[in-house]
Structure formats: structure tokens, C-alpha cells
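Residue numbers (our numbering): 57 to 247.
Every residue gets a Cβ at the ideal spot worked out from N, C-alpha and C, and that includes glycine.
Presented below is the structure to which this report refers.
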């Protein structure tokens with residue numbers, strides 16, 4: 057069967073499965089949202105495809121993205137991660153995950169739920185957009201600007217507006233599947 061997908065998908069079965077089964081599907085679990093936001097931050101300056109191919113390595117290296125474990129990392133763990141060829145060995149990005157794990161805990165405590173806090177920037181429910189083609193998909197929006205500003209104010213790193221918008225797309229806060237993509241949701245669409 058020949059189906060039409062968003063133009064950013066290549067022919068790798070891993071990427072096809074990510075597009076078809078994950079991207080744009082709503083995620084509400086706090087820890088899964090934390091993992092996704094951290095991986096989006098690791099993408100800075102790279103492609104998502106690069107990170108996706110290393111996602112399992114990241115999960116193993118960062119203890120399943122468990123913030124309670126990550127906040128206990130020390131200099132020896134940083135060096136171990138810097139020597140891990142399965143991840144992007146960028147000291148600033150590694151330290152950002154450690155820092156962001158601490159902020160995750162603060163947000164969870166102060167806001168009651170990390171996920172609910174993040175979803176508030178999308179109005180609490182998924183929004184499906186009517187994008188004719190990839191050229192119609194923005195790199196950021198006022199909502200991702202607000203999320204980025206708020207997360208930075210709380211102390212998070214690698215959470216610029218473009219990263220936040222990619223996170224919002226990936227986590228299903230917004231559905232940016234283009235008009236002819238078979239995954240596009242029907243119904244109330246915004247243009």
C-alpha cells in the first residue's frame with residue numbers, strides 16, 4: 057500500500073514508524089514528556105533523525121530519563137557520558153539534562169504535574185492545524201515562545217522556542233501533519 061506522509065520522513069523504517077506511530081500523538085505522562093523535551097534539546101544544531109537513531113542509547117545512558125537518578129550524577133558520571141559513543145558527546149548538553157532534571161522536580165512540586173504545566177501552553181488539549189505543505193509549518197509560535205520563556209525563567213537549558221515547538225509537535229500538543237499525510241486528523245482544524 058502506498059501512503060503519503062509528511063515530507064520530512066525518509067525511507068528508514070525507524071523514521072517511518074516514528075512518524076506513523078508517535079509524532080503528533082498526545083503524550084501526557086510526565087516522565088515521557090521529560091524524556092522527549094530532553095531529546096529535543098539534544099537535537100539543537102542536529103537533525104531529529106540523528107537523535108532518533110540514538111534514542112535507545114540515550115535511554116540507557118541516562119537511566120531511562122529518570123530525573124531522580126539524573127540529579128545524583130557527579131563528575132565521574134559526566135566523564136562516563138562524555139566517553140559514550142552512543143550519544144552526542146556534548147558537555148553542555150549533558151549538563152543541561154542534569155540541570156533540567158532538577159528543574160523538572162521543582163516544576164512537578166510547584167505546579168502539581170510537569171505534564172499539566174507543559175500542556176497549559178497548548179491550552180490543555182491538542183490542536184490540529186491545516187498545513188498544506190512543510191513550507192506552511194512554522195519553526196515557532198507564540199505558544200512555543202511562551203513555553204520557552206517560562207522554562208528558561210525556571211532555569212531549564214536547551215529549551216529555545218524552536219525546540220519547544222518541535223517538542224509540542226512531537227508530543228501531540230499540536231498536530232502539524234500536512235494536509236495530504238495519511239496521519240492528519242480530520243475535524244476542527246486551524247489554519
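Asked: Are the segment 103-115 and the segment 58-78 touching, with three or more C-beta to C-beta distances below 8 Å?; Found: yes
Asked: Could you compute how far the alpha carbon of residue 231 sits from the alpha carbon of residue 219?; Found: 16 Å
Asked: Please classify residue 184: does DSSP put it in a helix, a strand, or coil?; Found: strand
Asked: Which residues in the same chain as residue 61 place their Cβ atom closer than 8 Å to its Cβ, once the five residues preceding and following it in sequence are excluded?; Found: 72, 75, 76, 237, 238, 239
Asked: How is the alpha helix (DSSP H) around residue 153 delimited, first residue to last?; Found: 147-167
Asked: Given a threshold of 16 other Cβ atoms within 10 Å of its Cβ, counted over all protein chains shown, does residue 59 qualify as buried or as exposed?; Found: exposed
Asked: Tell me which same chain residues have a C-beta within less than 8 Å of the C-beta of residue 127, skipping the five on either side of it?; Found: 154, 157, 158, 161
Asked: Pick helix, strand or coil for residue 119, following the three-state DSSP scheme.; Found: helix
Asked: Tell me the DSSP bridge mates of residue 231?; Found: 184
Asked: Using the rule of at least 16 other Cβ atoms within 10 Å of the residue's Cβ for burial, across every protein chain shown, is residue 187 buried or exposed?; Found: buried
Asked: Short of 8 Å in beta carbon distance, which residues of its chain neighbour residue 122, apart from the five on each side in sequence? Order them along the chain.; Found: 87
Asked: Considering residue 224, what are the terminal residues of the alpha helix (DSSP H) in which it resides?; Found: 217-226
Asked: In chain order, which continuous runs of the beta strand (DSSP E) of length 3 or greater are located wholly inside the segment 81-122?; Found: none
Asked: Pick out whichever of 143, 78, 221, 189 has its Cα sitting closest to the Cα of residue 202.; Found: 221
Asked: Between 137, 168, 235, which lies nearest to residue 192 when the distance is taken from Cα to Cα?; Found: 235
Asked: Please report the Cβ distance between residue 89 and residue 211, rounded to the nearest whole angstrom; I am assuming they are in contact, meaning their Cβ atoms lie under 8 Å.; Found: Incorrect: roughly 17 Å between the Cβ atoms, too far for contact.
Asked: DSSP three-state call for residue 175: helix, strand or coil?; Found: helix
Asked: Near residue 167, what residues of its chain come up, given a Cβ to Cβ distance below 8 Å and the 5 sequence neighbours on each side ignored?; Found: 173
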